[in-house]
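Add 13 to a position in the sequence shown, counting from 1, and you land on the number used in my numbering. Just so it is clear, CB atoms sit at the ideal spot from N, CA and C, and this is done for glycine as well. Single-structure report; data block below.
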Amino acid sequence: AEVNFPVHDVKSGATVAHVKKRVPSCLAWCCAPDLDNYHVTFDEVQDPRWKAVLLAFTIFLDFRYFNVNRNEEEARDAIDDN
């Protein structure tokens, strides 16, 4: 399975890049559950600074939306216990 994130230029609205996350197979997930596989294409992005921003965005995206925060889980469990 794949999750695709098109990146659009604010001024023109055109798609300038793509970030694709591939979900690992069951076997790969069982062996290494923290395995992440991203593919970033810089279709229309030429400036190296914007390429760096796009890579930083990809890392942020992974941490924000695809990783489990154990502190949040513990806080929820503590609230549920009360």
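Give the secondary structure of residue i by DSSP, where H, G and I count as helix, E and B as strand, and everything else as coil.
{"i": "Phe55", "result": "coil"}
{"i": "Lys33", "result": "strand"}
{"i": "Asn80", "result": "coil"}
What number of angstroms, rounded off, separates the C-alpha of residue i from the C-alpha of residue j?
{"i": "His21", "j": "Asp60", "result": "15 Å"}
{"i": "Ala65", "j": "Asp94", "result": "44 Å"}
{"i": "Val23", "j": "Val36", "result": "29 Å"}
{"i": "Leu40", "j": "Val16", "result": "19 Å"}
{"i": "Phe73", "j": "Asp56", "result": "20 Å"}
Taking buried to mean at least 16 other C-beta atoms within 10 Å of its own C-beta, is residue i buried or exposed?
{"i": "Val29", "result": "buried"}
{"i": "Val81", "result": "exposed"}
{"i": "Thr71", "result": "buried"}
In the DSSP output, what is residue i paired with across the bridge?
{"i": "Val16", "result": "Lys34"}
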